[in-house]
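Numbering (our numbering), first residue to last: 5 to 506. Think of the CB as a built atom: it goes at the ideal place given N, C-alpha and C, for glycine as much as any other residue. The next block holds one structure in the form of structure tokens; read it before the comments.
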Amino acid sequence: MTEQTPTIATRPSGVRVRFCPSPTGVPHVGLVRTALFNWAYARHTGGKLVFRIEDTDAARDSEESYHQLLDALRWIGLDWDEGVEVGGPHEPYRQSQRGDLYADVLARLLQAGHLYEAFSTPDEVEARHRAAGRDPKLGYDGHDRSLTAEDRAALREQGREPVLRLRMPDHDIVVDDLVRGEITFPAGATPDPVLARAGGAPLYTLVNPVDDAAMGITHVLRGEDLLSSTPRQVALHEALTDIGFSTGVPRFGHLPYVMGDGNRKLSKRDPESSLFVLRERGFLPEGLLNYLSLLGWALSGEQHVFRRDELVAAFDITDVVGAPARFDLAKAAAINGSHVRLLEAGDFSRRLVPYLQGAGLVGEELTEAQVQAIEAAGPLVQPRITLLGEAPGMLGFLLTPDDALEVEGAARSSLREDAGAVLDAATSALEALSDWEASAIEATLREALVTGMDLKPKVAFGPVRVAVTGRKVSPPLFESLEILGRVSSLARIAALRANLEE
RNA sequence: GCCCCUAUCGUCUAGCGGCCUAGGACACCGCCCUUUCAAGGCGGCAGCGCGGGUUCGAACCCCGUUGGGGGCACCA
5 MTEQTPTIAT RPSGVRVRFC PSPTGVPHVG LVRTALFNWA YARHTGGKLV
55 FRIEDTDAAR DSEESYHQLL DALRWIGLDW DEGVEVGGPH EPYRQSQRGD
105 LYADVLARLL QAGHLYEAFS TPDEVEARHR AAGRDPKLGY DGHDRSLTAE
155 DRAALREQGR EPVLRLRMPD HDIVVDDLVR GEITFPAGAT PDPVLARAGG
205 APLYTLVNPV DDAAMGITHV LRGEDLLSST PRQVALHEAL TDIGFSTGVP
255 RFGHLPYVMG DGNRKLSKRD PESSLFVLRE RGFLPEGLLN YLSLLGWALS
305 GEQHVFRRDE LVAAFDITDV VGAPARFDLA KAAAINGSHV RLLEAGDFSR
355 RLVPYLQGAG LVGEELTEAQ VQAIEAAGPL VQPRITLLGE APGMLGFLLT
405 PDDALEVEGA ARSSLREDAG AVLDAATSAL EALSDWEASA IEATLREALV
455 TGMDLKPKVA FGPVRVAVTG RKVSPPLFES LEILGRVSSL ARIAALRANL
505 EE
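Set out below in structure tokens:
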């Protein structure tokens, strides 16, 4: 065993980072943020991102979750250089398929004396702590470290099977964390961890560092929750180096938590923690990517809205902040709104389609008229929404047959006594209009209602807006009338007029 | 209990000893623009947890303290 703790890996050139989730549950924003920072660091440095799946817990892992992980990464636009789906020189990239490697490493580690067989049950460990007047929560006490071959044989006689524990070094372990700086873990503070169950089933404690070593990972960028497991990982890397399996210890960088409301970690109970919920609400991949990168990092003090390539150009793991960041849905939406506004008009309209389909306003196949209406109205709603999911509400009136249009209660009750007269005047003016175009519509309606009836614009146009869109709030009225067309517009005004009589 | 992390406006952050009477963004509040609602423009409110040092000088360095978070599994 080495005397000193090497904290800087001596590796071939080039940054190699990895993203290695276990496929349990639905992808959440904290997970994606971790993937994002690994990706950004790889792209910034010209290094490689490895995507590995840690599915050694058959009870909790699921194939569905695996596919959701792929879906999530692809949607937000993170690609990887090696790993599941794309292959690479270190296949396979699913730990459930790497059992032979782990068994081999375990055997070599055991033979070299870095591992030992431990027979103590958790109850026995706790009982020893109590008997000695120590805190029972102290963790494993190292009791089996000194078992002789005879001792072990005797225990086996009793039908007991040992787990394999790593012999932690008796010196302090110093980690130069890329985001937190130098951290010292006192000798003896980390109990000897179990690396394999009785029977040999490998645990995360073994498999994660072994694969990092096998895949030549140079920088381990992961969640803060794993910070306290770092000393045992460093110790394992040292042992792996000692047996010639590895060439050193990777650098570590521990990313801050993503918090929810209050002072809790963002939990799966929070709906906004689910990437897919966010996507359904209408986040743009580039908008969410932008916001997520702001959780613990900043491009500069001044620029908050930026593109993917600007992120890559500027991102450095050493600039990441160590303190937890709160996920603020309002700010996320605001950043998204900025990206919505940045979209080219045609692009924006096309991205609306899935949300209109989801709302049942259009079918699988769009009609020519629907395409035209969406493209014409797109620019009207683009500055008015922050999430694409808001679009159906604003565009619904254009994609609904005249006789199916429903006037919202609040819109209906906003009408004053003179609404009928306003609608009558609007009808006369519009029927006489030869050129059905927004500016002409505006001119004639202003003349008839504002000038002719001496009404304030808000009062004058309100009833027309309600008649045509069914709502108090809508895209700009005159453009909306133009897009809707003369026939439908007049029909809707007439319908509301008739309705007022009742 | 032990170990570790962390601390600038309500929130996310810039700041890396003098450029700081602390900058930006979100939120909030005004005003302008305006056919509704937005967008946009202009302005405002609001912060270095506390106590000691070090220094000519501290948001920045050191020590302590308090608050917050995490870990102490045959889960990952």
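Measure the C-alpha to C-alpha separation of residue i and residue j and round it to an integer number of angstroms.
i: G393; j: E348; result: 18 Å
i: Y208; j: N294; result: 32 Å
i: F331; j: P31; result: 15 Å
i: D265; j: L292; result: 18 Å
i: A423; j: L459; result: 11 Å
i: G185; j: L110; result: 32 Å
i: G29; j: L282; result: 16 Å
i: A495; j: A452; result: 19 Å
i: L402; j: R450; result: 23 Å
i: A131; j: V211; result: 30 Å
i: R15; j: F249; result: Because the pLDDT at R15 is just 42, under 50, the model does not fix this residue reliably, and the point stays unresolved.
i: G466; j: E372; result: 30 Å
i: A136; j: P197; result: 21 Å
i: H578; j: D65; result: The chain is shown from 5 up to 506; residue 578 falls before or after that span and cannot be answered.
i: Q162; j: R156; result: 10 Å
i: D216; j: P25; result: 13 Å
i: P140; j: P166; result: 22 Å
i: E314; j: L298; result: 13 Å
i: A415; j: A502; result: 16 Å
i: L77; j: A44; result: 13 Å
i: D351; j: L113; result: 57 Å
i: D104; j: F55; result: 20 Å
i: V344; j: V214; result: 44 Å
i: V262; j: A329; result: 5 Å
If you reduce the DSSP assignment to three classes, tell me which class residue i lands in.
i: I12; result: Confidence in I12 is poor, its pLDDT being 38 and thus under 50, which makes the residue's placement too unreliable to answer from.
i: E7; result: Confidence at E7 is low in this model, with a pLDDT of 31, below 50, so the placement of that residue should be treated as unreliable; the coordinate-derived value is given next. Note: E7 maps to coil in three-state DSSP.
i: Y261; result: coil
i: Y97; result: coil
i: G81; result: coil
i: A122; result: strand
i: P195; result: coil
i: E228; result: helix
i: A202; result: coil
i: G117; result: coil
i: G87; result: strand
i: G103; result: helix
i: E348; result: coil
i: D181; result: strand
i: F249; result: coil
i: R22; result: strand
Measuring alpha carbon to alpha carbon, tell me which of the options ends up nearest residue i.
i: I339; options: R311, P140, R268, A317; result: R311
i: L259; options: A39, S493, D148; result: A39
i: L510; options: D180, D145, Y120; result: The structure shown has nothing for residue 510, since the chain only spans 5 to 506.
i: R255; options: R22, R501, S492; result: R22
i: A380; options: G341, E483, M263; result: E483
i: L427; options: L409, P480, A499; result: A499
i: V224; options: V468, R20, L434, A464; result: R20
i: L170; options: K335, A200, T188; result: A200
i: L485; options: A442, V463, L504; result: A442
i: D127; options: R112, A116, Y144; result: Y144
i: S493; options: V463, L504, A430; result: A430
i: V301; options: T322, L159, G286, E284; result: At residue 301 the sequence reads Trp, which differs from the Val that was named. Nearest option by C-alpha distance: T322.
Within 10 angstroms of the Cβ of residue i, are there 16 or more other Cβ atoms? Answer buried if so, exposed if not.
i: A377; result: buried
i: H71; result: exposed
i: V238; result: buried
i: D320; result: exposed
i: V90; result: exposed
i: P275; result: exposed
i: R236; result: buried
i: T455; result: exposed
i: L142; result: exposed
i: V477; result: exposed
i: Q386; result: buried
i: Q307; result: exposed
i: K52; result: buried
i: S432; result: exposed
i: R134; result: exposed
i: S417; result: exposed
i: I12; result: Because the pLDDT at I12 is just 38, under 50, the model does not fix this residue reliably, and the value given afterwards should be weighed accordingly. The residue is exposed, with fewer than 16 neighbouring Cβ atoms inside 10 Å.
Complete beta strand (DSSP E) runs within the region 139-168 (minimum length 3 residues, chain order): None, since the region 139-168 contains no complete beta strand (DSSP E) of that length.
Minimum length 4: unbroken alpha helix (DSSP H) runs contained in the region 29-67: 33-49, all fully within the region 29-67.
Segments assigned alpha helix (DSSP H), at least 4 residues, entirely inside the region 392-418: Restricting attention to alpha helix (DSSP H) runs no shorter than 4 residues, the region 392-418 encloses them at 395-399, 413-417, ordered along the chain.
Every unbroken alpha helix (DSSP H) inside the region 264-333 [4 residues or more]: Whole alpha helix (DSSP H) segments, 4+ residues: 279-285, 289-297, 312-318.
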